[in-house]
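Single-structure report; data block below.
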Amino acid sequence: MTHLTSYLLTSRSASSSLPHPRESGSTIAVIKASSSSPILLSVRECNLLRSLFSSSPMDQSSAAQGHATHDFPPFFKVYSDGRVERYKMFGEDERVPAGEDSVTGVRSKDVIISSETGVSARIWIPRMYTTRKLPLLIHYHGGGFCVGSPFDSVGERFFSRIVPKANVVAISIDYRLAPENPLPTAHEDAFGALKWLASHSGGHGPEPWINEYADLHRTFLSGESAGGNIAHYAAIRAGTTSLTGLRIVGSIVVHPFFVGKEPDKMIMFMCPGSPGTEEDPLINPAVDPNLPAMAGERVLVCIAERDGLRDRGVKYYETLRDSQWTGKVELEETFEEDHCFHMFKRTDKADQLLQRMADFINRD
Numbered sequence: 001m002t003h004l005t006s007y008l009l010t011s012r013s014a015s016s017s018l019p020h021p022r023e024s025g026s027t028i029a030v031i032k033a034s035s036s037s038p039i040l041l042s043v044r045e046c047n048l049l050r051s052l053f054s055s056s057p058m059d060q061s062s063a064a065q066g067h068a069t070h071d072f073p074p075f076f077k078v079y080s081d082g083r084v085e086r087y088k089m090f091g092e093d094e095r096v097p098a099g100e101d102s103v104t105g106v107r108s109k110d111v112i113i114s115s116e117t118g119v120s121a122r123i124w125i126p127r128m129y130t131t132r133k134l135p136l137l138i139h140y141h142g143g144g145f146c147v148g149s150p151f152d153s154v155g156e157r158f159f160s161r162i163v164p165k166a167n168v169v170a171i172s173i174d175y176r177l178a179p180e181n182p183l184p185t186a187h188e189d190a191f192g193a194l195k196w197l198a199s200h201s202g203g204h205g206p207e208p209w210i211n212e213y214a215d216l217h218r219t220f221l222s223g224e225s226a227g228g229n230i231a232h233y234a235a236i237r238a239g240t241t242s243l244t245g246l247r248i249v250g251s252i253v254v255h256p257f258f259v260g261k262e263p264d265k266m267i268m269f270m271c272p273g274s275p276g277t278e279e280d281p282l283i284n285p286a287v288d289p290n291l292p293a294m295a296g297e298r299v300l301v302c303i304a305e306r307d308g309l310r311d312r313g314v315k316y317y318e319t320l321r322d323s324q325w326t327g328k329v330e331l332e333e334t335f336e337e338d339h340c341f342h343m344f345k346r347t348d349k350a351d352q353l354l355q356r357m358a359d360f361i362n363r364d
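Under full-length UniProt numbering, the first residue of the sequence shown carries the number 1, and numbering increases by one thereafter.
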């Protein structure tokens with residue numbers, strides 16, 4: 001049975017909004033709670049209104065009130081009264097509290113990155129046998145930019161394995177989700193997290209675990225699916241801005257989401273002004289003029305044979321390989337496996353992929 005989680009768009013302080021860079025005259029449909037049909041507003045007008053949108057839980061029975069105006073399975077529906085209803089793709093999966101893993105000894109804690117936007121994160125550290133600082137793995141979760149969290153059991157399983165295997169400090173960013181927060185809000189949150197981490201340079205940042213355990217000169221970006229897209233974008237932003245205090249050595253981009261041959265209607269809905277095609281550098285690195293400036297010396301691109309996004313991952317690898325970016329890109333394919341298999345089950349192939357990531361991080 002397909003399950004959905006329902007949300008209502010409610011008001012919040014306008015100070016929490018981020019400026020949207022797409023200031024074109026194109027239009028998008030905005031659902032107004034008092035209306036039974038969409039109202040067309042310009043992107044500029046939507047930017048002014050987007051700070052009024054946030055999500056809060058609603059009772060499942062209310063789904064019958066109103067009709068769906070947009071449906072993007074297996075991710076979400078939008079109703080005529082403004083509610084966003086998310087499909088439960090992996091069953092009911094509540095927030096897993098931070099703490100200590102009884103098997104691996106990995107410890108975790110939750111931190112606030114921005115009280116203004118509400119962006120938070122979870123940090124994991126291995127059982128410490130040395131006072132030497134460890135590489136920092138910055139992670140952006142997958143989920144089509146609109147579902148997912150660092151705090152569920154999927155993330156907890158993954159980090160309880162990769163943290164001791166790679167001997168790293170890891171942090172996964174709980175960026176704001178579309179469509180309540182239109183793209184590229186998630187990407188802006190990703191870069192905001194980099195700036196927050198960079199503020200720990202010299203050991204004087206707000207989070208003691210980062211100050212004490214993380215080597216900010218050995219930083220790696222990572223993400224799977226949509227998170228791979230975000231990790232790439234964060235590397236671009238880091239390379240084109242004067243970000244100091246944080247040295248990005250490389251990125252691990254796993255089963256990444258980038259544009260296909262046909263316009264992506266969900267991207268067009270979540271990202272006002274985007275054509276949803278190869279013309280948009282947010283979803284097609286090949287047309288990004290900033291690609292040569294991408295931060296990092298090396299990138300590991302991971303693909304899976306049975307993944308519907310496999311060819312897009314190959315194209316991303318080829319784009320980096322053939323570009324003027326001066327780093328080294330590597331391609332790792334796992335055969336007879338599907339999208340993000342390593343996040344959901346522990347198998348020999350999943351362990352091999354995690355070991356490949358660990359070796360990539362710890363390479364001299």
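Note that beta-carbon positions come from the ideal geometry of N, C-alpha and C, so glycine has one too.
> Where F341 and H141 are concerned, what is the direct C-alpha to C-alpha distance, given to the nearest angstrom?
Replying inline: In a straight line, the C-alpha of F341 is about 14 Å away from that of H141.
>> Using 8 Å as the threshold, is the C-beta distance between R306 and D338 below it?
In response: Contact check for R306 against D338 passes: the beta carbons are separated by less than 8 Å.
> Taking the alpha helix (DSSP H) that D351 falls in, what are its first and last residues?
Replying inline: That run of the alpha helix (DSSP H) goes D348 to N362.
> Taking the C-alpha atoms as reference points, what is the distance between T319 and M270?
Replying inline: Straight-line Cα distance between these residues: approximately 25 Å.
> Where does L52 sit, in a helix, a strand or coil, going by DSSP?
Replying inline: At L52, the pLDDT of 30 sits below 50, so the modelled position is not reliable and the matter cannot be decided from this model.
>> Assuming A186 is part of the alpha helix (DSSP H), what are its boundary residues?
In response: Residue range T185 to A198 is occupied by the alpha helix (DSSP H) that includes A186.
> Count the other CB atoms within 10 Å of the CB of R161; is the residue buried (16 or more) or exposed (fewer)?
Replying inline: Buried is the call here.
> What's the gap between the Cα of A121 and the Cα of L134?
Replying inline: Looking at the two C-alpha atoms, the distance is approximately 19 Å.
> Whose C-beta lies closer than 7 Å to the C-beta of G276 among residues of the same chain, with five residues either side of it excluded?
Replying inline: Around G276, the same chain offers P263, D264, K265, I267 and M268 as residues with beta carbons nearer than 7 Å, after the five sequence neighbours per side are excluded.
>> Please report the distance separating the alpha-carbon of R298 from that of F344.
In response: Roughly 27 Å between the two C-alpha positions.
> Are the Cβ atoms of A193 and I113 separated by less than 8 Å?
Replying inline: Yes; because the gap between Cβ atoms is below 8 Å, this pair is in contact.
> Straight-line CA distance for P126 to D174?
Replying inline: One C-alpha to the other measures close to 21 Å.
>> Let me check one thing: in DSSP terms, what residues is E94 bridge-paired to?
In response: Paired residues: none, contrary to the question.
> Do N284 and F258 come within 8 Å of each other at the CB atom, strictly closer than that value?
Replying inline: Going by C-beta atoms, F258 is nearer than 8 Å to N284.
>> Using a 10 Å radius around the Cβ and a threshold of 16 neighbouring Cβ atoms, would you call A166 buried or exposed?
In response: Around the Cβ of A166, a 10 Å sphere holds 16 or more other Cβ atoms; the residue is buried.
>> Please state the DSSP three-state secondary structure of L139.
In response: It is His, not Leu, that sits at residue 139 in the sequence shown. In the three-state reduction of the DSSP assignment, H139 falls in the strand class.
> So H70 packs on V78, CB below 8 Å; how close in whole Å?
Replying inline: With 8 Å as the limit, H70 and V78 qualify as a contact, their Cβ atoms being about 4 Å apart.
> Just the Cα atoms here: how many angstroms apart are L353 and R83?
Replying inline: If you take the alpha carbons of L353 and R83, they lie about 39 Å apart.
> If you run the structure through DSSP and keep just helix, strand and coil, what is E85?
Replying inline: Judged by DSSP in its simplified three-state form, E85 adopts strand.
>> Within 8 Å, do at least three Cβ pairs link the stretch 325 to 338 to the stretch 202 to 215?
In response: Contact between the stretch 202 to 215 and the stretch 325 to 338 is absent: fewer than three C-beta pairs spanning the two stretches fall below 8 Å.
>> So, for V154: in the same chain, excluding its five sequence neighbours on each side, which residues have a beta-carbon less than 6 Å away from its beta-carbon?
In response: Only M343 meet the Cβ criterion.
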